[in-house]
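K.L.:
Its first residue numbered 486, the sequence shown is counted upward by one per residue in our numbering.
Even for Gly, the Cβ is constructed at its ideal location relative to N, Cα and C.
Just so you know, these numbers come straight off a predicted model, no measurement behind them.
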Amino acid sequence: MPTQYRLLPDERGFYGSYGGAFVPEILYNNVHQLQLVYKDLIGQTSFKEEYHHLLNQYVGRPTPLYEAKRLSQHFDARIFLKREDLCHTGAHKINNTIGQVLIAEKLGKKRIIAETGAGQHGVATATVCALKGLSCHIYMGAHDMERQAANVQRMRMLGAEVIPATSGSQTLKDATNEAIRDWINHAQDTHYIIGSAIGPHPYPDMVTQLQAVIGQEIRKQLKEATGRSIPDILLACVGGGSNAAGTIFEFLDEEAVGIVLAEAAGKGLQSGLSAATSKLGRRGVIHGCMTLLMQDEFGQITEPYSLSAGLDYPGIGPLHAHLIEEGRANVVCVTDDEALEAVFQLCKLEGIIPALESAHALAALSKINIRNQTVVITLSGRGDKDLQIYAAHLNEK
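Structure follows, in structure tokens:
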């Protein structure tokens, strides 16, 4: 009997051999409390009513499923773009932060911490904390603060304290390390909003459940647009993997739906400057869960690299690691240059400037056979935050 993926994870938080909760003893009560109550909380009528009211009236959902006709003509396929870039704050991240802040309120937590790479999760967290009057502290790699300076200013305008992570490569991995240290020191009054489908159980599943609205809308909108409720191919970029999890969860048990995940190859798989975890990683524990992890022969984490701050991470969500191992999802590796080419292609063909993360999914179109197929790509964010990178690329030409 085939695996029923939507029933995962198991009671211990494992997707096959990936997942679980590996946390310091001081955080055990926080994590265990979440494990006990999160499914009950998000299933309550009062929670669902407030959550969906905010998604509709504050975030602007449902986001459009836009048929990109010129892009479709170019690839001889029927391509739809799920426009998460049109959400309030400019990315899908706010779907999760709204849900987790509501959970934090139910648990009596008044202090919120988060990590951020490209800054979109930080902005979304700061936004909802401002809405709810909660104390907000965002950890961000010092290097990422430089390349995503506009998002840093947004977070500060919204009242958040943005704290630089100055260890290691000063990127997302290091910001997450610092956020976990903060959580250890403030375990009683603090809720940690993890932005990706990673971390100790129940975070991968909780984030997936809160982002699943993306796939639910795709099913309904595709039926209205084409008469079919399922596409031939779903395509999303993946680092930690929250936008991908939200895109694919609704369709995991639909065997006719192909799932393609686009990873950041950086300067190339063999360059030593890459974040393609599924190709370069092996099983290990990072930030509270067992997953695929880039590491050396001694088990030390290998520094990842991607021009995209949101994909510059040495691991991948345990759900995605399991789907890849099982063959349910296929991975396409996309270099910095290929992603940049895809940015300008979408600009010229459709008048849409995508985030650099989303551009990795767009670049995968030229690496797989999509002729005469119906393809849905999730545009996880808009490109405003990456204009400095795009301008530098234009100047180099």
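Can you say whether H538 is buried or exposed, counting buried as having 16 or more other CB atoms within 10 angstroms of its CB?
P.N.:
Numbered from 1 along the sequence shown, position 53 holds the residue referred to as residue 538. With fewer than 16 other Cβ atoms within 10 Å, it is exposed.
K.L.:
Roughly how many whole angstroms lie between the Cα atoms of V522 and A506?
P.N.:
Along the sequence shown, read from residue 1 onward, the residue named residue 522 stands at position 37. Along the sequence shown, read from residue 1 onward, the residue named residue 506 stands at position 21. So the alpha carbons of these two residues sit roughly 16 Å apart.
K.L.:
By the DSSP assignment, the alpha helix (DSSP H) with V608 in it spans what residues?
P.N.:
Looking up residue 608 in the sequence shown gives position 123. Element bounds for V608: Q605 to K617.
K.L.:
On the premise that L643 lies in contact with A599, defined as a C-beta separation below 8 Å, what is that separation, rounded to the nearest angstrom?
P.N.:
Position 114 of the sequence shown, counting from 1, holds the residue named residue 599. Position 158 of the sequence shown, counting from 1, holds the residue named residue 643. The Cβ separation is near 12 Å, so there is no contact.
K.L.:
What's the call for V662, buried or exposed, on a 16-neighbour Cβ count within 10 Å?
P.N.:
What you label residue 662 is simply residue 177 of the sequence shown in a count that begins at 1. Here residue 662 turns out to be Asn, not Val, going by the sequence shown. Buried, since its Cβ has 16 or more Cβ neighbours within 10 Å.
K.L.:
Give the list of continuous alpha helix (DSSP H) stretches no shorter than 4 residues that lie fully inside the region 754 to 841.
P.N.:
Complete alpha helix (DSSP H) runs here, min 4: 762 to 765, 803 to 811 and 821 to 835.
K.L.:
What are the start and end residues of each continuous alpha helix (DSSP H) run of 4 or more residues lying completely inside the region 506 to 578, in chain order?
P.N.:
List check, alpha helix (DSSP H) in window: 513 to 528, 530 to 539 and 554 to 560.
K.L.:
From the DSSP output, in three-state form, read off P649 for me.
P.N.:
The sequence position of residue 649 within the sequence shown is 164, counting from 1. Reduced to three states, the DSSP call for P649 is strand.
K.L.:
Please name the residue in E569, K591, R767 and M640 whose C-alpha comes closest to that of G602.
P.N.:
Position 117 of the sequence shown, counted from the start, is the residue given in the question as residue 602. Taking only the C-alpha atoms, the option nearest G602 is M640.
K.L.:
Within 10 angstroms of the Cβ of R813, are there 16 or more other Cβ atoms? Answer buried if so, exposed if not.
P.N.:
The sequence position of residue 813 within the sequence shown is 328, counting from 1. Answer is buried; the Cβ neighbour count reaches 16.
K.L.:
On a CA-only basis, which of G769, Y551, S843 and I527 is nearest D690? Give me that one, please.
P.N.:
Indexing the sequence shown from 1 puts residue 690 at position 205. Here the closest residue by C-alpha is I527.
K.L.:
Inspect the beta-carbon positions of Q633 and G604 and report whether they are closer than 7 Å.
P.N.:
Along the sequence shown, one-based indexing puts residue 633 at 148. Along the sequence shown, one-based indexing puts residue 604 at 119. Against a cut-off of 7 Å, the Cβ pair of G604 and Q633 comes out as a contact.
K.L.:
Nearest CA to the CA of V816: which residue from L792, K764 and P789?
P.N.:
Within the sequence shown, residue 816 is the residue found at index 331, counting from 1. For V816, the nearest C-alpha among the options comes from K764.
K.L.:
Per DSSP, what are the beta-bridge partners of T732 in this structure?
P.N.:
Along the sequence shown, read from residue 1 onward, the residue named residue 732 stands at position 247. T732 pairs with nothing; no bridge assigned.
K.L.:
Measure the alpha-carbon distance for S531 versus K524 and round it to whole angstroms.
P.N.:
Locating residue 531 in the sequence shown gives position 46, where the first residue counts as 1. Locating residue 524 in the sequence shown gives position 39, where the first residue counts as 1. So the two alpha carbons sit approximately 13 Å from each other.
K.L.:
Name the one or two DSSP bridge partners that H671 has.
P.N.:
Residue numbering aside, residue 671 sits at position 186 when the sequence shown is read from its first letter. DSSP output for H671 lists no bridge partner at all.
K.L.:
Check S727 in the structure and name its three-state DSSP category.
P.N.:
The residue labelled residue 727 in the question sits at position 242 within the sequence shown. Helix.
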